[in-house]
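**Student:** I have a structure here, written as structure tokens, and I will follow up with some questions on it.
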Amino acid sequence: MSARPLIIDCDPGQDDAVALLLAFASAEEFDLLGVTAVAGNVPLARTESNARRIRDLAGRPDVPVYAGCSRPMVREPETAEYIHGPTGIDGADLPEPSRTAEAAHAVDFLVDALSATQEPITLATLGPLTNVALAIVKNPAICGNVREIVTMGGAMGLGNVTPAAEFNIHADPHAAHVVFEAGVPLTMIGLDVTHQAIATPPRLEAIRALGTAPAAAVCGMLDLYGEKNIEAYHHGAPMHDPCVIAYLLASELFEGRDMRVDVELGDGHCFGRTVCDLHGRTGAATNAHVLQRVDADGFFAMLTERLARLPVDPI
Ligand code: BDR
Ligand code: CA
3 MSARPLIIDC
13 DPGQDDAVAL
23 LLAFASAEEF
33 DLLGVTAVAG
43 NVPLARTESN
53 ARRIRDLAGR
63 PDVPVYAGCS
73 RPMVREPETA
83 EYIHGPTGID
93 GADLPEPSRT
103 AEAAHAVDFL
113 VDALSATQEP
123 ITLATLGPLT
133 NVALAIVKNP
143 AICGNVREIV
153 TMGGAMGLGN
163 VTPAAEFNIH
173 ADPHAAHVVF
183 EAGVPLTMIG
193 LDVTHQAIAT
203 PPRLEAIRAL
213 GTAPAAAVCG
223 MLDLYGEKNI
233 EAYHHGAPMH
243 DPCVIAYLLA
253 SELFEGRDMR
263 VDVELGDGHC
273 FGRTVCDLHG
283 RTGAATNAHV
293 LQRVDADGFF
303 AMLTERLARL
313 PVDPI
């Protein structure tokens, strides 16, 4: 099996950080062309430097990191320090990154990489979709070279940042609209799925027992992230973003259906909601494969096994 060309767009974010570690630990499956950062959970300066901190932690200096958009396309910026802490990766306790980001803007990197590639590239998106949408707006022809987009965002059921909307979509719904309308194969991993993959105490203890620096960072972050989620949802940390990478590694752990998804752009209670036409009420063509279930034990077994592959000592 040849490694799948992959670009990860993210806004670390504690769960983004775990997702990045899972991807960094899977070098046989992924030809990781780059990590692009976008403003989201915390401002851009922090998401992009966090991506570089996680790169060091994983011992993957070969993967370039690009800084992207510092604000959404239309709406005012929205952040989530109240969940992830002021650094975005509270609990990881990581030093300053060893290297700078690349000089190119993330949107230009996406356009250039997708224009030049001989083999279609998969995009894994873990944050607001601003970078990816602007790349599509800048050069729509790149869509022909996207193998698929797997995105953490939205929900068939209730939201988290509002009763109706999930954070990544709500933070830049206009960008999400562009991406969902792009005609590219798209898998949506929403809250319905990610709230099935909960970092329970026994699952965290299995990771902690690895005794490595990456495992300690993961548990430090998920302990804090879990506390916030217990306050809000009465359960521990949902593995939102790691589900994207897990799906690319082992799609058999997940189940879903093709359906029409529209992003609500009108003001009001449902701003930023993903309206999922499960029963085909609109008759409109489907534009997304929406995941509905995950084998949570299988997911955590894989996450733990992959984290064990990371180096004991960070760079
Ligand atoms: C999503 O929002 C962010 O806070 C997380 O990193 C995840 O990508 C969950 O709604
Ligand atoms: Ca995220």
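If you count by this note's numbering, then the sequence shown holds residues 3 to 317, one letter each, in order.
All C-beta atoms in this analysis are idealised placements derived from N, C-alpha and C, irrespective of residue type, glycine included.
Looking only at C-alpha atoms, which of His237, Asn231, Glu307, Arg57 sits nearest to Tyr84?
**Tutor:** Position 82 of the sequence shown holds residue 84. Minimum Cα distance to Tyr84 is reached at Asn231.
**Student:** Is Asn147 near Pro122, with beta carbons less than 8 Å apart?
**Tutor:** The residue labelled residue 147 in the question sits at position 145 within the sequence shown. The residue labelled residue 122 in the question sits at position 120 within the sequence shown. Yes. Within cutoff.
**Student:** I believe Gly42 touches Asp17 by the beta-carbon criterion, under 8 Å. Please report the beta-carbon distance rounded to the nearest angstrom.
**Tutor:** Counted from its first residue, the sequence shown places residue 42 at position 40. Counted from its first residue, the sequence shown places residue 17 at position 15. About 11 Å; that fails the 8 Å criterion.
**Student:** With H, G and I counted as helix, E and B as strand and the rest as coil, what does DSSP make of Gly238?
**Tutor:** As a working mapping, residue 238 is identified with position 236 in the sequence shown. Correct three-state label for Gly238: coil.
**Student:** Between which two residues does the beta strand (DSSP E) holding Thr127 run?
**Tutor:** Within the sequence shown, residue 127 is the residue found at index 125, counting from 1. Residues 123–127.
**Student:** Assuming Arg101 contacts Thr124 (C-beta within less than 8 Å), just tell me the rounded distance between them.
**Tutor:** Taking the sequence shown and counting its residues from 1, the one referred to as residue 101 is at position 99. Taking the sequence shown and counting its residues from 1, the one referred to as residue 124 is at position 122. In fact, because the Cβ distance is near 25 Å, the residues do not count as touching under 8 Å.
**Student:** By a C-beta neighbour count over all protein chains shown, 10 Å radius and 16 as the cutoff for buried, is Thr81 buried or exposed?
**Tutor:** What you label residue 81 is simply residue 79 of the sequence shown in a count that begins at 1. Answer is buried; the Cβ neighbour count reaches 16.
**Student:** Distance, Cα to Cα, Met3 vs Arg210?
**Tutor:** As a first step, residue 3 is located in the sequence shown; it is residue number 1 there, counting from the start. As a first step, residue 210 is located in the sequence shown; it is residue number 208 there, counting from the start. Spanning the two alpha carbons is a distance of roughly 31 Å.
**Student:** Can you tell me whether Asp13 is helix, strand or coil according to DSSP?
**Tutor:** Here the question's residue 13 lines up with position 11 in the sequence shown. Residue state, collapsed to three classes: coil.
**Student:** Specify, as a first and last residue, the run of the beta strand (DSSP E) that Thr38 falls within.
**Tutor:** Here residue 38 refers to the residue found at position 36 when the sequence shown is read from its first residue. 32–39 is the extent of the beta strand (DSSP E) around Thr38.
**Student:** Starting from Gly300, follow the alpha helix (DSSP H) in both directions and report where the run begins and ends.
**Tutor:** On the sequence shown, position 298 is the one that residue 300 refers to. Looking at the DSSP string, the run of the alpha helix (DSSP H) that includes Gly300 is 298–309.
**Student:** Count Cβ pairs between the region 276–286 and the region 215–222 that sit closer than 8 Å; are there 3 or more?
**Tutor:** With the cut-off at 8 Å, the region 276–286 and the region 215–222 do not touch.
**Student:** Using a threshold of 8 Å, state whether the C-beta atoms of Leu131 and Asp174 are closer than that.
**Tutor:** The sequence position of residue 131 within the sequence shown is 129, counting from 1. The sequence position of residue 174 within the sequence shown is 172, counting from 1. Yes, the Cβ-Cβ distance between Leu131 and Asp174 is below 8 Å.
**Student:** Assign Glu104 to one of three DSSP states: helix, strand, or coil.
**Tutor:** Reading the sequence shown from its first residue, position 102 is the one you call residue 104. Glu104: coil per DSSP, three-state reduction.
**Student:** Tell me whether Gly90 is buried or exposed, calling it buried when 16 or more other Cβ atoms sit within 10 Å of its Cβ.
**Tutor:** Translated into positions along the sequence shown, residue 90 becomes position 88. Per the 10 Å Cβ criterion, buried.
**Student:** I want to check one thing, is the minimum distance from the CB of Cys245 to the heavy atoms of ligand 2 below 7 Å?
**Tutor:** For the purposes of this step, residue 245 is taken as the residue at position 243 of the sequence shown. Cys245 Cβ: outside cutoff for every heavy atom of ligand 2.
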